[in-house]
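Read the structure below first, then the notes.
Residue numbers (UniProt numbering): 1 to 402.
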């Protein structure tokens, strides 16, 4: 099911591969990007096979196909096959790591200003249970992580932090943290590093060796253009030698004695058996499509479209574009005086345009630090299959809302 369109980078054919392009101007790729026809068809075929042959029997029939996402993700992240796990969601992947760390009273978790709300709630829960402290590392003048402050925080105190946990790209803004710089500090001081790459995987090149993270979690549904209900995890060999998953079942481990179990030797120890198997098949198709297209090209195209959108929106009366950073991605956040994000979403939806309100609760510290509107911002997120004409259409539609 290799894609000629992906190999040729023919925009017209890429859009033809994407049926949703005929129906909508889809600028909600940071929420869930439009799947290709092949991704949808692969899931339909798998579900039909389950209906005809049975669920367990279909897993056996699709044994080779179900390995595809492991191979394709390993290619994309430049790691070994045994470092990839497929889970029910990015949240499930992230939590398998986080709740597997044996936090103790006095431990510290270091994170960033724009950390995602779901992750921060987990920090708070563990802090309540164990007495760990959460330290938020400030940003520098370019709205990137302040690496000097990070290093100073690591060496401060009577012991190293238990974890560095950072979100690569926030849900509400286009800025990209320098994950490689964080990883270099983590390696230098021997502190485990968990990177939430939900918004970066699929829109920019990622090399886990260069980043230096111990774990990287991601989702299928955003810039990878895969199905909902599927996520994945990269786990380094070193991380697996030091920490267990948060939970184990009979797929990730074997019951070997009255009081003994043995984990799988690779990252599949993080998995549970039950998952959306049709989605696993669809994920393999989606990641292969991106690999064939090339992440360098995708990144260049996404940044170009986002820059066009920011420039044009900034020229509209009453519109403020809120993205700040040394490196900006395909997420464009903005607000318009007198227009709530929900009203803007509804008005654009009537014109066939998809955008997403991003509330304060998703990235509370970022909203407070950068004095973003309490009612939230509008998130318009582009992908490579969007066009310059669609950018202009969105700008015209935003200008008409009052």
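Where a beta carbon is used, it is the ideal one built from N, C-alpha and C, also for glycine.
Residues in the same chain with beta-carbon distance under 8 Å from residue 35, minus the five sequence neighbours each way, listed in chain order, please. 18, 20, 225, 226, 227, 282 and 286
What separation, rounded to the nearest whole angstrom, lies between the Cα atoms of residue 167 and residue 311? Just so you know, the alpha carbons of residue 167 and residue 311 end up roughly 26 Å apart.
Could you tell me the alpha carbon to alpha carbon distance between residue 375 and residue 174, rounded to whole angstroms? 19 Å
Which class does residue 272 belong to by DSSP, given the choice of helix, strand or coil? coil
Have a look at 54, 71, 63 and 384 and flag the residue whose alpha-carbon is nearest the alpha-carbon of residue 234. 71
Rounded to the nearest angstrom, what separates residue 221 and residue 204 at their Cα positions? 15 Å
What are the boundary residues of the alpha helix (DSSP H) that includes residue 242? 237-242
With distance defined between alpha-carbon atoms, name the residue in 161, 26 and 313 nearest to residue 395. 313
Three-way DSSP call (helix, strand, coil) for residue 70 in this model: helix
Run through the stretch 294-365 for me and flag every whole alpha helix (DSSP H) of 4 or more residues, listed as ranges in chain order. Segments of the alpha helix (DSSP H) lying fully in the stretch 294-365: 295-314 and 341-350.
Validate contact between the stretch 61-79 and the stretch 125-132 using beta carbons, cut 8 Å, 3 pairs: no
Can you give me the Cβ contacts of residue 47 inside the same chain, cut-off strictly under 7 Å, excluding the 5 residues immediately before and after it? 278
Where residue 259 and residue 190 are concerned, what is the direct C-alpha to C-alpha distance, given to the nearest angstrom? 32 Å
Threshold first: 3 residues or longer. Then list the beta strand (DSSP E) segments lying entirely within the stretch 64-127, N to C. 84-87 and 108-112
With distances taken Cα to Cα, identify the nearest neighbour of residue 87 among 252, 305, 343 and 400. Nearest of 252, 305, 343 and 400 to residue 87, Cα basis: 252.
Helix, strand or coil, according to DSSP, for residue 290 in the structure here? Helix, per DSSP.
Which residue's Cα is closest to the Cα of residue 261: 9, 244 and 347? Minimum Cα distance to residue 261 is reached at 244.
What are the uninterrupted segments assigned as beta strand (DSSP E) that are 3 or more residues long and contained completely in the stretch 170-226, given in chain order? 193-196 and 215-219
Does the stretch 194-201 come within contact of the stretch 344-363, defined as at least 3 CB pairs closer than 8 Å? Contact fails: fewer than three Cβ-Cβ distances are below 8 Å.
Cβ shell of residue 177 (< 7 Å), same chain only, five flanking positions each side left out: 112, 144, 145, 166 and 168
Please return the same chain residues whose Cβ sits closer than 6 Å to the Cβ of residue 399, not counting the five positions on each side in sequence. 316, listed in sequence order.
Thinking C-alpha only, which one of 130, 92, 142 and 232 is nearest residue 119? 92
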